[in-house]
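Trainee:
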Amino acid sequence: MASDKEIYLDNAATTYCNGEVFYAMQPYFITNYGNPNSVHQSGYAAREAVEKARASIAKIINADPDEIYFTSGATESNNWAIKGIVWASPIKRILVSEIEHPSIIKSARWLAEHGVEVEYIKVDENGIISISDLLSKLSKPACLVSVMTANHEVGTVQYINTIANICSKNNVYFHTDATQALESVSINVKEMNITALSLSGHKIYGPKGVGAIYIKRGTPIDVFMHGGHQENGMRGGTYNLPAIVGLGKAVEICMRDGNTNNTRMKQLRDYFIKEVEAKIPGVKLNGHRNQRLSNNINFSFRGVIGESVTAMLDTMGVRVSTGTASTSEQLRRSYVLQAIGVSDEYIYGAVRFTLGRATTKEDLDYTINCLTTVVKKLRTLSPVNIKAGGSENV
Ligand code: PMP
């Protein structure tokens, strides 16, 4: 059974490409297609477009343009940040939070297999970094701390200012993955003492396959992509010109419309939370209630499997996910939910709803109706629930 409805509430997985972004990119495929490294007029025009995008990215985080490097996305930026900084440092010890995106967690594991000491900073039940754990782990020398600005699954926003200041006082570099946070959290890398920051185009209504990394001037970091002399020889590879132009435009739109979008989304988010908590028994909001992304809602429904909820909502035209796009095909305990201590009865029933610029209150009302029906139905079928003594007991 398929529905002719299409309600997209998976904006943390990816967003649509904004029309203004698309039209800004278009000429760079067909007419202005020069290689930004070419030393002729076509190359100069292309180079100018790349530098304009770089300046916009620098502006949104208060960096200087020469501190911004283009990459293929936040996965690459994250890999480069932590591998590049640790390889360039004589201190082979890093600290990362236990709820980082897999591009950090798996890079850290790989580094551990290659002789680097890796420790995982604990988070509390809301997903906030434990400052006491960070401080105790910093009593031994480390070269880098990496803590994401906001979590992709439960939406918790960290106090990165505090963490960055602690790192600075301890002479440790600080990297933050701001992929999910660029539009909703204001970041000033200079004031906040941030050494490196990752971002991506397709989470902010830009194109997929392009991102950037900010690296504070003077930070020792190894080259990640060996190749041509693009990006000061730090990241080889012909510029993805249309995508870079698109990323620049997407960032400009975040700067222009971010406040308005965030205010609207926060109202919708809080409305959805309130309605679901009032209408569905046995729900648990995962992540911090207030210190969370303006578009993120992550609920666990007791006695149901999140994957069953997402599949049934899909047939009703509602696109949601259990967590990250990278892990949701497999039924397993989310490491993020484990880290924040979600109990067994709730951990399998998590569903993430991430609102977007196009989301309306009507979309949410329809979703809440579908969700109420789906959860009720699944609870009557669930063996977990039969053991628990009936659907309305949850
Ligand atoms: N970090 C976070 C927090 C993310 O949510 C994602 C995307 N799921 C990434 C990194 C990877 O970004 P990209 O898809 O651009 O490689």
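Following the working numbering, the numbering of the sequence shown begins with 1 at its first residue and continues without gaps.
Every residue, glycine too, gets a C-beta built ideally from N, C-alpha and C.
Treat the numbers as computed from the prediction; the structure is a model and nothing was measured.
Please report how far the alpha carbon of Y239 lies from the alpha carbon of T380, in whole angstroms.
Mentor: Position 239 of the sequence shown holds residue 239. Position 380 of the sequence shown holds residue 380. Each residue's alpha carbon lies about 55 Å from the other.
Trainee: G209 and S343 - do their beta-carbons sit closer together than 8 Å?
Mentor: The residue you call residue 343 lines up with position 343 of the sequence shown. The residue you call residue 209 lines up with position 209 of the sequence shown. It is not a contact, given that the beta carbons lie outside the stated cut-off.
Trainee: Which runs of the beta strand (DSSP E) fall wholly inside the stretch 332-392 and span at least 3 residues, in chain order?
Mentor: Segments of the beta strand (DSSP E) lying fully in the stretch 332-392: 350-354.
Trainee: Which same chain residues, not among the five before or five after A181, have their C-beta less than 6 Å away from its C-beta?
Mentor: Sequence index remark: in the sequence shown, residue 181 carries index 181 (1-based). The residues are T149 and A150.
Trainee: Bridge partners for L197 per DSSP, in chain order?
Mentor: Indexing the sequence shown from 1 puts residue 197 at position 197. Answer is T176 and Y214, bridged to L197.
Trainee: State the start and end residues of the unbroken beta strand (DSSP E) segment that holds I297.
Mentor: Here residue 297 corresponds to residue number 297 of the sequence shown, with the count starting at 1. Here the beta strand (DSSP E) through I297 covers N296 to F301.
Trainee: Please go through the stretch 228-295 and give each complete beta strand (DSSP E) segment of 3 or more residues, from N-terminal end onward.
Mentor: Within the stretch 228-295, the complete beta strand (DSSP E) runs of at least 3 residues are 283-285.
Trainee: Bridge partners for V118 per DSSP, in chain order?
Mentor: Your numbering for residue 118 matches position 118 in the sequence shown. Per DSSP, I94.
Trainee: Quick check: is any heavy atom of ligand 1 less than 7 Å from the C-beta of D10?
Mentor: Residue mapping note: residue 10 aligns to position 10 of the sequence shown, counting from 1. The answer is no for D10.
Trainee: Examine ligand 1 and report whether any of its heavy atoms sits within less than 7 Å of the Cβ of Q338.
Mentor: The count along the sequence shown starts at 1 and reaches residue 338 at position 338. Result no, Cβ not under 7 Å from ligand 1.
Trainee: At the level of alpha carbons, what is the spacing between Q291 and N126?
Mentor: Reading the sequence shown from its first residue, position 291 is the one you call residue 291. Reading the sequence shown from its first residue, position 126 is the one you call residue 126. Each residue's Cα considered, the two are about 9 Å apart.
Trainee: Would you say C17 and P207 are within 8 Å of each other, going by their C-beta atoms?
Mentor: On the sequence shown, residue 17 is found 17 positions in, with the first residue counted as 1. On the sequence shown, residue 207 is found 207 positions in, with the first residue counted as 1. Cβ distance < 8 Å, so C17 and P207 count as in contact.
Trainee: In the DSSP output, what is T71 paired with across the bridge?
Mentor: For this step, residue 71 is matched to residue 71 along the sequence shown. The partner list for T71 (beta bridge, DSSP) reads G211.
Trainee: Could you give the C-beta distance for A81 and I244, rounded to a whole number, given that I count them as a contact under 8 Å?
Mentor: Position 81 of the sequence shown holds residue 81. Position 244 of the sequence shown holds residue 244. That belief does not hold up - the Cβ atoms of A81 and I244 are roughly 19 Å apart, past 8 Å.
Trainee: By a C-beta neighbour count over all protein chains shown, 10 Å radius and 16 as the cutoff for buried, is E48 buried or exposed?
Mentor: Looking up residue 48 in the sequence shown gives position 48. Flag for E48 reads exposed.
Trainee: Is L144 helix, strand or coil by DSSP?
Mentor: Within the sequence shown, numbered from 1, the residue matching residue 144 stands at position 144. In this structure, L144 counts as strand in the three-state DSSP scheme.
Trainee: Can you tell me whether G228 is buried or exposed? The criterion is at least 16 other CB atoms within 10 Å of its CB, across all chains shown.
Mentor: One-based indexing of the sequence shown puts residue 228 at position 228. The residue is exposed, with fewer than 16 neighbouring Cβ atoms inside 10 Å.
Trainee: Assuming the contact rule is C-beta atoms closer than 8 Å, P36 and R54 should be a hit. Round their C-beta distance to whole Å, please.
Mentor: By 1-based counting over the sequence shown, the position of residue 36 is 36. By 1-based counting over the sequence shown, the position of residue 54 is 54. Not a contact, Cβ separation roughly 11 Å.
Trainee: Which of the three DSSP states is assigned to M192 in this structure?
Mentor: Translated into positions along the sequence shown, residue 192 becomes position 192. Correct three-state label for M192: helix.
Trainee: Grab me the residues of N170's own chain with a C-beta within less than 7 Å of its C-beta, minus the 5 sequence neighbours each way, in chain order.
Mentor: Position 170 of the sequence shown, counted from the start, is the residue given in the question as residue 170. L138.
Trainee: Since Y23 is in the alpha helix (DSSP H), which residue starts that stretch and which ends it?
Mentor: Counting from 1 along the sequence shown, the entry for residue 23 is found at position 23. Counting along the chain, the alpha helix (DSSP H) containing Y23 begins and ends at G19 to M25.
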